[in-house]
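Take a look at the structure set out below.
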Amino acid sequence: MLDEELGVEPGAELAAAHLAVLRADPALGPVAGLAPPVSPAYPAVPAATHAVPPSAPHAAPPGVSHVAPPDAWQAASHAAPPGSWQSATPGASHAAVAGRERPGVPGTRGQAWQRSRQGLRAQLTSFVGRTDELAQLGARLQDCRLVTLIGPGGAGKTRLATEAAEREPGDVCFVPLAPVSDADGVPQAVLAALGIRDAALKLHERPALDPWARLVTALADRELLLVLDNCEHLVAATAELADHLLANCPDLRVLVTSREALGITGESILPVAPLRLPPVETDEPLGYPAVRLFADRAAAVRPGFVVDGDNAAHVVHICRALDGLPLAIELAAARLRTLSVADVAARLDDRFRLLARGSRTALPRHQTLHAVVAWSWDLLDENEQVMARRLSAFVTGARPEVAERVCGLPEEVLFSLAEKSLVEFVDGRFRMLETIRAFCAGRLAESGEEHAVRDAHARCYLDLIMTADPLLRTGAQLEWLARLDEESGDLDAAVRWATASGQFELGLRLLAQSACYWWMRGHRTASASLAAALLAALGETRVPGLEEEYGMCVLVMAWAGGRDELLRTRLEEVRRLLPIDYLPVRVEFMMMLLSMFTGPPADFGAMQQFYMDKVSGLTHWKRALASCGHAFVLQILGRIDEALEHFEAALAGFRAIGERWGMVLVLSGLGALRQLQGDYRSAHALADEALELARELGAATEIAEGLCRRADARFALDDVAGARADYEQAAVLSRRNGSMEILAWSWLGLGLVALRSGEPGAARPLLVRAREVCPDGWYSTEDTRARIDAALARICGAHTGQ
């Protein structure tokens, strides 16, 4: 019967038992060494409702529960309507396996049997990370009958499912669906994994069972976890089969791995994200699963490999560049057979060529990184492919309305991509993993539409920064700073593309309008690099009508401390284009940078009268900034009372519009004035207030400046330890964000602390370094340079006795 109906090949022990039954051997008993059956061949019928006397047709042989007659087989497959399974709960049927009677096997209560692990392969590598995910999956499998692991290709869904199945206390059947090419093959694959196949020889004909009915017959009263692995190319067929089996097999649970959910009632979805990544700078890289996985796999191909101080930065870069995808990290680690860690990190720009050697025994689509992504790409329809390739223009992801505008397709297509794990939808933004984005960017380049898409992207971000820039100088600045933080990578990408494509008008406008944001966020080095590239591409070309934008581009390049001859020439050109009495029209923030660059006018009275004549036409922000500028000049001229009056007016103006950055600027100026007056405690208090506002803004340069300002006050109050701590922290921050004038100030302060502590040998190198990094060509840094020179002169005088 087993051979005939289910295709299960009987073993030697079962054949001997069958022969004994046929002979009515009185010595019939349990065959030695024979484990109880994995499941009864046919569903046992409860005696209370379907009892059949031993003399009835189809009576079961001695020692076996009653077997349903053949005409009940088809009925078994329709015992419950599709979709009705979700109301069933695991309950007692998922209790511990040992110690209870096995269905269809009398007398087995209290006896243990070997768990069935059909299709599960022993793993050859260690399981790294995913401890929390594994626990969460285990809990879901206790509470839910259908759990689907979804995530992008290479995220580790199959391995997580395998580890969970290994920990399952009951029977498990693992069904790999990746090799299956059509819907009809899905139930056949499950039958094959269960060991149920067509009989090679039939002694007499019986009604043939369709695969679904055969599965229901085999699983109707069997406790089993059925794992359906890699079904994204057959989602509909897998969903239909899972729904039918769960409806008709109450003790069955199903675990699915896919890049797309099944989308049926009762499904519990558990996303499998990439492994947790370290930040760019970390003291404990091995505290992150992505790095541990790389280290483990690298040691397997290069014995003795460890992550240490020499290679940690490269390893972190590799893991971050590969988005924490386990498969990609394993492929990268395997390259250490022939390459150094630094070589692998350096070649990731061509990741698909680099990571093209996977396991020979893996499925073709898992052997290379390109194949992993190409498999997902091939499952998309035409609109989804168009949207995916156009979306690759976004570096940091996009809000739905922005993506819809640039890509030219409705947002429903975006959500479809998210459902297929090609994009993530997190915090209201669609984002591609970098590996997927690189693949889709290749398809964009092949499509012939790259120029049009990237142009639409850049112009979209010009509109955004044109809207955001004036609002950065209002009470809404925190909201808009946060918004631009989300879009920062794409703003930079838009400037780079405009530069590379020769669209200089677009590039200049993007860069000039972004300057205020970059300044407030302390993005000095990165923005200076963008400006330098644009100016290099411009050469001698000038765009008529964009003198302000060109001037701002030069100032942005200069603010990182550059001092080459070409830059000096360009700065002189800016002096001619934008004289000291020039009031910016389109680039409002330039008013502040020009004053820092040029310093006070020779004829302050004329300048003051000029602003008084223009003040009624100025915006509130320009008016407050003008008052602040007048206060600084009056302070230089020694007119302290007038300077205080203008500082107070400026502070009131910035408070009125809720502009925190302007408040920080004024408080810093007031602090400097109090320091000059010898009122160090007031200077300290003003620095504290400025620091609090700067931290609220997240303005890195202003935080570093506030620390230096407070350190000066502490130094004057003989709090040398406090001053040293502030200067050291300021040095770290300013070095990180490229604020060379603040770095020079902090090293000057540390040099003075060393002198106060009687350590001139330690002071001199600090002062020399401060002199080297202090930018020239800017009026605002002249005071710092003079103080450095004075301190160096003291050391020289002490050494020579002069």
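Using my numbering, count along the sequence shown one by one with no gaps and you end on 786.
C-beta atoms are modelled at their ideal positions from N, C-alpha and C, and glycine is treated no differently.
Q. Which residue's Cα is closest to the Cα of R719: F699, A754 and D127?
A. As a working mapping, residue 719 is identified with position 735 in the sequence shown. With distances taken between Cα atoms, R719 lies closest to A754.
Q) Nearest to G179 by alpha carbon, out of Q497, G103, V704 and E756? A) Locating residue 179 in the sequence shown gives position 195, where the first residue counts as 1. The candidate whose alpha carbon is nearest that of G179 is G103.
(Q) Using the three-state DSSP reduction, which class does T201 fall into: helix, strand or coil? (A) If you number the sequence shown from 1, residue 201 lands on position 217. DSSP places T201 in helix when its eight states are reduced to three.
Q. Could you give the residue range of the beta strand (DSSP E) that holds V238?
A. Against the sequence shown, residue 238 aligns to sequence position 254. Residue range L236 to S242 is occupied by the beta strand (DSSP E) that includes V238.
Q) Going straight from the alpha carbon of G680 to that of F616, what length do you get? A) Mapped onto the sequence shown, residue 680 falls at position 696. Mapped onto the sequence shown, residue 616 falls at position 632. One detail in the question is off: residue 680 reads as Glu in this sequence, not Gly. A direct Cα-to-Cα measurement between E680 and F616 gives close to 25 angstroms.
**Q.** Distance, R124 Cα to E152 Cα
**A.** Looking up residue 152 in the sequence shown gives position 168. Looking up residue 124 in the sequence shown gives position 140. Cα-Cα distance, rounded: 12 angstroms.
Q) Under a three-way DSSP split, which group does S68 fall into? A) Here residue 68 refers to the residue found at position 84 when the sequence shown is read from its first residue. Note that S68 scores a pLDDT of 42, beneath 50, so its modelled location is shaky; the value from the coordinates is reported in the next line. S68: helix per DSSP, three-state reduction.
Q: Please list the segments of the beta strand (DSSP E) lying wholly inside the region 407 to 474, counting only runs of 3 or more residues, in order along the chain.
A: Taken in chain order, the unbroken stretches of beta strand (DSSP E) that lie wholly in the region 407 to 474 and span 3 residues or more are 408 to 410 and 413 to 415.
(Q) Once DSSP output is grouped into helix, strand and coil, what is the label at A382? (A) Sequence index remark: in the sequence shown, residue 382 carries index 398 (1-based). Strand at A382.
Q: For P171, collect the residues of the same chain with a Cβ closer than 7 angstroms to its Cβ; drop the 5 residues on either side in sequence, then sort them by chain order.
A: The residue given as residue 171 occupies position 187 in the sequence shown. Cβ within range, chain order: P195, W196, L199 and L225.
**Q.** Residue burial classification, A775 (beta-carbon count within 10 angstroms, cutoff 16)
**A.** Locating residue 775 in the sequence shown gives position 791, where the first residue counts as 1. Around the beta-carbon of A775, 16 or more other beta-carbon atoms lie within 10 Å, marking it buried.
Q) Which value, in whole angstroms, describes the spacing of the CA atoms of G308 and L551? A) Translated into the one-based positions of the sequence shown, residue 308 becomes position 324. Translated into the one-based positions of the sequence shown, residue 551 becomes position 567. Taking the straight line joining both Cα atoms gives about 41 angstroms.
**Q.** Beta-carbon separation (whole angstroms), M536 vs V571, contact threshold 8 angstroms
**A.** On the sequence shown, position 552 is the one that residue 536 refers to. On the sequence shown, position 587 is the one that residue 571 refers to. Contact holds; Cβ gap of about 5 angstroms.
Q) Are the beta-carbon atoms belonging to V357 and G137 less than 8 angstroms from one another? A) As a position in the sequence shown, residue 357 is number 373, starting the count at 1. As a position in the sequence shown, residue 137 is number 153, starting the count at 1. With respect to G137, V357 sits close: the two C-beta atoms are nearer than 8 angstroms.
Q. The beta strand (DSSP E) with F158 in it runs from where to where?
A. On the sequence shown, residue 158 is found 174 positions in, with the first residue counted as 1. Here the beta strand (DSSP E) through F158 covers V156 to P160.
Q: Assign P255 to one of three DSSP states: helix, strand, or coil.
A: For the purposes of this step, residue 255 is taken as the residue at position 271 of the sequence shown. In the structure shown, P255 falls within a strand segment according to DSSP collapsed to helix, strand and coil.
**Q.** Of the residues L739, S579, A688 and G122, the one placed nearest L209, counting alpha carbons only
**A.** To locate residue 209, count along the sequence shown from 1; it is residue 225. For L209, the nearest C-alpha among the options comes from G122.
Q.
In chain order, what are the residue ranges of uninterrupted alpha helix (DSSP H) at least 4 long that sit wholly in the region 502 to 557?
A. As for any alpha helix (DSSP H) of minimum length 4 sitting wholly inside the region 502 to 557, the runs are 508 to 522 and 531 to 542, ordered along the chain.
Q: Quick one: residues in its chain with C-beta nearer than 7 angstroms to the C-beta of E251, no 5 flanking neighbours on either side, listed in chain order?
A: The residue given as residue 251 occupies position 267 in the sequence shown. Once the five neighbours on either side are set aside, the close Cβ partners of E251 are L130, T132 and A245.
Q: Just grab the DSSP bridge partners of W102 for me.
A: In the sequence shown, the residue the question calls residue 102 occupies position 118. Looking at the sequence provided, one finds Gln at residue 102 rather than Trp. Beta-bridge pairing by DSSP links Q102 to C157.
Q) Does the beta-carbon of C758 have 16 or more other beta-carbons within 10 angstroms, so that it is buried, or is it exposed? A) Position 774 of the sequence shown, counted from the start, is the residue given in the question as residue 758. Classification for C758: buried.
Q) Near R415, which residues of its chain fall below 6 angstroms by C-beta distance, leaving aside the five closest residues on each side in sequence? A) Position 431 of the sequence shown, counted from the start, is the residue given in the question as residue 415. Here the set comprises G381 and E408.
Q) For L670 versus I687, is the C-beta spacing smaller than 8 angstroms? A) Residue 670 sits at position 686 when you count from the first residue of the sequence shown. Residue 687 sits at position 703 when you count from the first residue of the sequence shown. In terms of Cβ geometry, L670 and I687 do not form a close pair [threshold 8 angstroms].
Q.
Do L406 and S360 count as a contact pair if the criterion is CB distance below 8 angstroms?
A. The sequence position of residue 360 within the sequence shown is 376, counting from 1. The sequence position of residue 406 within the sequence shown is 422, counting from 1. Pairing S360 with L406 gives a Cβ-Cβ distance under 8 angstroms.
Q: For T525, count neighbouring Cβ atoms within 10 angstroms of its own Cβ and tell me buried if that reaches 16, exposed if not.
A: Position 541 of the sequence shown, counted from the first residue, corresponds to residue 525. Here T525 is exposed: its Cβ has fewer than 16 other Cβ atoms, across all protein chains shown, within 10 Å.
Q.
By DSSP's criteria, V390 is part of a beta bridge. Which residues make up the other side?
A. Taking the sequence shown and counting its residues from 1, one reaches residue 390 at position 406. Looking at the DSSP assignment, V390 forms no beta bridge with any residue, so it has no partner.
Q.
Using CA atoms only, rank isn't needed, just tell me which of V174, D166 and T109 is closest to E147.
A. Walking along the sequence shown from the start, residue 147 turns up at place 163. With distances taken between CA atoms, E147 lies nearest to T109 out of V174, D166 and T109.
**Q.** For N367, the nearest candidate out of P384, P394 and T352 (CA to CA)
**A.** The residue given as residue 367 occupies position 383 in the sequence shown. Of the candidates P384, P394 and T352, the one whose C-alpha sits nearest the C-alpha of N367 is P394.
**Q.** Under the three-state DSSP convention, the category D213 falls into
**A.** Position 229 of the sequence shown holds residue 213. In the structure shown, D213 sits in a strand (DSSP, three-state: E or B).
Q. What residue does the beta strand (DSSP E) around I624 start on, and which one ends it?
A. On the sequence shown, position 640 is the one that residue 624 refers to. Looking at the DSSP string, I624 is not in any beta strand (DSSP E); the run it does join, the alpha helix (DSSP H), is I624 to I641.
**Q.** Residue burial classification, C303 (beta-carbon count within 10 angstroms, cutoff 16)
**A.** Residue 303 sits at position 319 when you count from the first residue of the sequence shown. Around the beta carbon of C303, a 10 Å sphere encloses 16 or more other beta carbons of the protein chains shown; the residue is thus reported as buried.
Q: Check the C-beta distance from R778 over to V737 and give it rounded, since I have them as a contact under 8 angstroms.
A: For this step, residue 778 is matched to residue 794 along the sequence shown. For this step, residue 737 is matched to residue 753 along the sequence shown. That belief does not hold up - the Cβ atoms of R778 and V737 are roughly 14 angstroms apart, past 8 angstroms.
Q | Residues bridged to V737 (per DSSP) | A | As a working note, residue 737 is residue 753 in the sequence shown. DSSP, once it has assigned bridges, lists no residue as partnering V737.
(Q) Tell me which residue opens and which closes the alpha helix (DSSP H) that I620 is part of. (A) Position 636 of the sequence shown, counted from the first residue, corresponds to residue 620. Where I620 is concerned, the enclosing alpha helix (DSSP H) stretches over H604 to I620.
Q. Hey, out of D213, H228 and V156, whose CA is closest to E788's CA?
A. The structure shown does not extend to residue 788, since the chain is modelled only from -15 to 786, so the question has no answer here.
Q) Buried or exposed: which applies to Q369, given that a residue is buried once 16 or more other Cβ atoms fall within 10 Å of its Cβ? A) Taking the first residue of the sequence shown as 1, we reach residue 369 at position 385. Classification for Q369: buried.
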